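> Line by line, the protein sequences are chains A and B.
Going by our numbering, the first residue of the first sequence is number -8, and it counts up by one from there.
Going by our numbering, the first residue of the second sequence is number 248, and it counts up by one from there.
Have a look at the structure that comes next, please.
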Amino acid sequence: MLKHPMLKYINEEGPSGKRFPHLLCPGCGAGQVLNYTLHAVDDLINQTGAKKEAFVFISGVGCSSRLTSHYLNFDSAWTLHGRALPIATGVLLANPELKIIVFTGDGDAAAIGGNHFIHAFRRNINVTVICVNNGLYGMTGGQVAPTTPPFTSTPTTPYGNIEDAFDLCKLAEVAGASYISRWTTAHPIQTTKAIKKGITNKGASFIEILSQCPVHEHQTPVEMTKALKEITVSIKKSMDSNKIPVGELHFAPRPTWTERYESVIEKANEMIS
Amino acid sequence: MIEIVINPNYCKGCSICIEFCPKKVLRPSNNINAKGYALPEVVDLDTCTQCKLCEIVCPDLAIAVTPKEKRGGRNARK
C-alpha cells in the first residue's frame, strides 16, 4: 500500500506496542511542524548527501516537545522542561559535526527556559531552534503564556489578558542569533525552506512557527489556518501595516562558539609547547 | 496512474488537506474510521496535479499521493 513518504523516519512500532498515530489532537500545528521538518531533513539527505546519523533532535517538555524521541527514528533526547538548549550545547561539544535540531514550544522557550534561550543565542552555538508558538500553554489546559496576545481570554484570564506578549524573534535578534525567520503553519513550502536554511546555516538559527491550538481556542483547524494567513503579512509589505510580519527577519553570520573554542585550544597548545 | 491513499488508522479528520488542495480534489465524507473521525474522500482524481501539498500539510502523516514519474532529462532520448 502507498505510504506517506516521511513515515520512513518514524518509529511506527515500539517495544510497548504501536506508537503512531501520535497523541496530538486533530489538526494540531505541532504535527504539521513535524511534517515540515521531516521534509526539510529529507531534502537535505537527498540533495546534499548528509547522513541520517548526523542529525540529532532534542526537546524539552510540552506538546511540541513530544515529537522527538517517542516517534522519530533519529538520534534524539527528550529532556527537562526548558533545558533542551543546555543539553544541545553538551551534545555539540561532544561532537561539533552534528546537526542539532531543537523542538520547543513557546512556554518551553520563553517562560521556563527563557535564560537558556537568550544565552544559547548569545554564544551563537550551532543549533536550529524550531519554536512552535501557539500563544498558550496547551498541554496543561490553555492557560495564559508569555506569548499570549493582549486582551485574549484564557482559562486563567477570563476577562482578558492585561500583559503584552513577547516578540521571540526580536528577543533572539538582540541576543545574537545569526538566522531568524518567522512563518506560520499555513505557509508549508516557505516553512520547509526556512528550516532547510536554518539547518545549513552555521550558527544559531531560530525559526518561529505560529501555530494553531484548535482545542483550547475553540475553533476548527481550517478556521484557524485561514486566520493565521489573515493576521500575518510578508516582511516586504509590512511597513504600513499592523499585522504580524512573516519571512526571513534577520540573517547575519558570525563566528560560532565551537569555532572560537577551537581557536582557544590551538592558542593554548602553542603556549604550552 | 495517480493514486491518493488515506490511511484510516492515522487520519484524525481535521480537514486541513481539503482546505489546502488547490484543485479541490478532496471533500469531506461520511466514512467514519474506528476512532469516530470523518475521513476525507477523493472526488476528482483526474484534476490532481500531484503537487503533494496535502502530504506536506497533513499533521498525522496519513495521506499519500503517487510520486511524480521522473521525466528523464538529456538521457531520456537515448
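Glycine included, C-beta positions come from ideal geometry on N, C-alpha and C.
Computed from a predicted structure; not experimentally measured.
Helix or strand or just coil, what does DSSP make of A/Asp33?
Helix at A/Asp33.
> Short of 6 angstroms in beta carbon distance, which residues of its chain neighbour A/Gly151, apart from the five on each side in sequence? Order them along the chain.
Once the five neighbours on either side are set aside, the close Cβ partners of A/Gly151 are Phe142 and Ser144.
> If B/Val252 sits next to A/Met(-8), beta carbons under 8 angstroms apart, how far is it from one beta carbon to the other, in whole angstroms?
Yes, they are in contact, since the Cβ atoms of B/Val252 and A/Met(-8) sit about 6 angstroms apart, within 8 angstroms.
> Given A/Pro246, which residues of its chain have a CB within under 6 angstroms of its CB, disregarding the five upstream and five downstream residues?
The answer is none, since no qualifying residue turns up.
> Is the segment 89 to 102 of chain A touching the segment 114 to 134 of chain A in the sense that three or more CB pairs, one from each, lie closer than 8 angstroms?
Because the criterion of three Cβ pairs below 8 angstroms is met, the segment 114 to 134 of chain A and the segment 89 to 102 of chain A touch.
> Mind listing which residues of the segment 33 to 45 of chain A have their C-beta closer than 8 angstroms to chain B's C-betas, in chain order?
Those would be none; no residue qualifies.
> Of all the options A/Asp33, A/Ile121, A/Val47 and A/Leu83, which has the alpha carbon lying nearest to the alpha carbon of A/Thr175?
Among A/Asp33, A/Ile121, A/Val47 and A/Leu83, the Cα nearest to that of A/Thr175 is on A/Ile121.
> Keeping to the same chain, check which residues put their C-beta closer than 8 angstroms to that of B/Ser276; ignore five residues upstream and five downstream.
Ala285, Leu286, Pro287 and Glu288, listed in sequence order.
> Between the segment 257 to 266 of chain B and the segment 11 to 28 of chain A, do at least 3 Cβ pairs fall closer than 8 angstroms?
In short, these stretches touch, since the Cβ pair count reaches three.
> In the DSSP assignment, the beta strand (DSSP E) including A/Ser96 goes from what residue to what residue?
One detail in the question is off: residue 96 of chain A reads as Gly in this sequence, not Ser. Start and end: Lys90 to Gly96.
> Counting contacts by CB-CB distance shorter than 8 angstroms, is B/Leu273 in contact with chain E?
Among the chains of the structure shown, chain E does not appear; the protein chains present are A and B.
> Verify whether the separation of the beta carbon atoms of A/Phe48 and A/Thr59 is less than 8 angstroms.
In contact: A/Phe48 and A/Thr59 (Cβ atoms closer than 8 angstroms).
> To the nearest angstrom, how far is the alpha carbon of A/Cys160 from that of A/Val237?
Rounded to whole angstroms, A/Cys160 to A/Val237 spans 10 angstroms at the Cα level.
> State the Cα-Cα distance for the pair A/Gly18 and A/Glu261, rounded to the nearest angstrom.
Computed Cα separation, rounded: 57 angstroms.
> Please go through the same chain and pick out, in chain order, the residues whose beta-carbon is closer than 8 angstroms to the beta-carbon of A/Val224, but skip the five residues on each side of it.
Closer than 8 angstroms at the Cβ level, and outside the excluded window around A/Val224, lie Ser232, Lys234, Ile235, Pro236 and Val237.
> For A/Gly81, count the other beta carbons within 10 Å of its own beta carbon; 16 or more makes it buried, fewer makes it exposed. Which is it?
Counting Cβ neighbours within 10 Å, A/Gly81 comes out exposed, since fewer than 16 surround it.
> Roughly how many angstroms separate the alpha carbons of A/Glu239 and A/Asn106, rounded to a whole number?
A/Glu239 and A/Asn106: Cα-Cα distance of roughly 24 angstroms.
> For the candidate residues A/Cys204, A/Ser67, A/Val118 and A/Glu199, whose alpha-carbon lies nearest to that of A/Gly132?
Among A/Cys204, A/Ser67, A/Val118 and A/Glu199, the Cα nearest to that of A/Gly132 is on A/Cys204.
> What does A/Val47 pair with, by DSSP beta-bridge criteria?
Beta-bridge pairing links A/Val47 to A/Asp66 and A/Ile91.
> Does B/Thr313 have its Cβ less than 8 angstroms from a Cβ in chain A?
B/Thr313 counts as touching chain A.
> Distance, Cα to Cα, A/His72 vs A/Asn124?
Approximately 16 angstroms between the Cα atoms of the pair.
> When you compare the CB positions of A/Phe265 and A/Phe65, do they come within less than 8 angstroms of one another, or not?
This structure gives no information on residue 265 of chain A, because the portion of chain A shown stretches from -8 to 264.
> Under 8 angstroms Cβ to Cβ from B/Gln297, same chain only, skipping five residues before and after it: list those, please.
So the list reads Ile249, Val312, Thr313, Pro314 and Lys315, once near-sequence residues are dropped.
> Is there at least one Cβ from chain A nearer than 8 angstroms to B/Ser262's Cβ?
B/Ser262 counts as touching chain A.
> Kindly say whether A/Asn2, judged by its beta-carbon, lies nearer than 8 angstroms to any beta-carbon of chain B.
For A/Asn2, the answer is no, since every Cβ of chain B falls outside 8 angstroms of its Cβ.
> By a C-beta neighbour count over all protein chains shown, 10 Å radius and 16 as the cutoff for buried, is B/Asp291 buried or exposed?
Exposed, since its Cβ has fewer than 16 Cβ neighbours within 10 Å.
> Quick check on the burial criterion: 16 or more other C-beta atoms within 10 angstroms. Buried or exposed for A/His207?
It counts as buried.
> Counting only beta-carbon atoms, is B/Pro255 nearer than 8 angstroms to chain A?
Chain A contact via Cβ: absent.
> Please name the residue or residues paired with A/Cys122 in a DSSP beta bridge.
Looking at the DSSP assignment, A/Cys122 forms a beta bridge with A/Thr95 and A/Glu199.
> Can you say whether A/His30 is buried or exposed, counting buried as having 16 or more other CB atoms within 10 angstroms of its CB?
Buried, by the Cβ-count rule.
> On the criterion of 16 or more Cβ atoms from any shown chain inside 10 Å, does A/Arg251 qualify as buried, or is it exposed?
Answer is exposed; the Cβ neighbour count stays below 16.
> Counting C-beta neighbours from all protein chains within 10 Å, is the total for A/Lys9 16 or more, i.e. buried, or is it exposed?
With fewer than 16 Cβ atoms within 10 Å of its Cβ, A/Lys9 is classed as exposed.
> Going along chain A in order, which residues have a C-beta closer than 9 angstroms to the C-beta of B/Leu300?
Those are Pro179 and Ile180, listed as they occur along chain A.
> Taking a contact to mean a Cβ-Cβ separation below 8 angstroms, would you say A/Ile180 touches B/Leu308 in this structure?
In this structure, B/Leu308 does not lie closer than 8 angstroms to A/Ile180 by Cβ.
> Please confirm whether A/Ser50 and A/Ala21 have their CB atoms less than 8 angstroms apart.
Against a cut-off of 8 angstroms, the Cβ pair of A/Ala21 and A/Ser50 comes out as no contact.
> Which residue marks the beginning of the alpha helix (DSSP H) containing A/Thr191, and which one marks its end?
Taken as a continuous stretch (DSSP letters only), the alpha helix (DSSP H) holding A/Thr191 covers Pro179 to Thr191.
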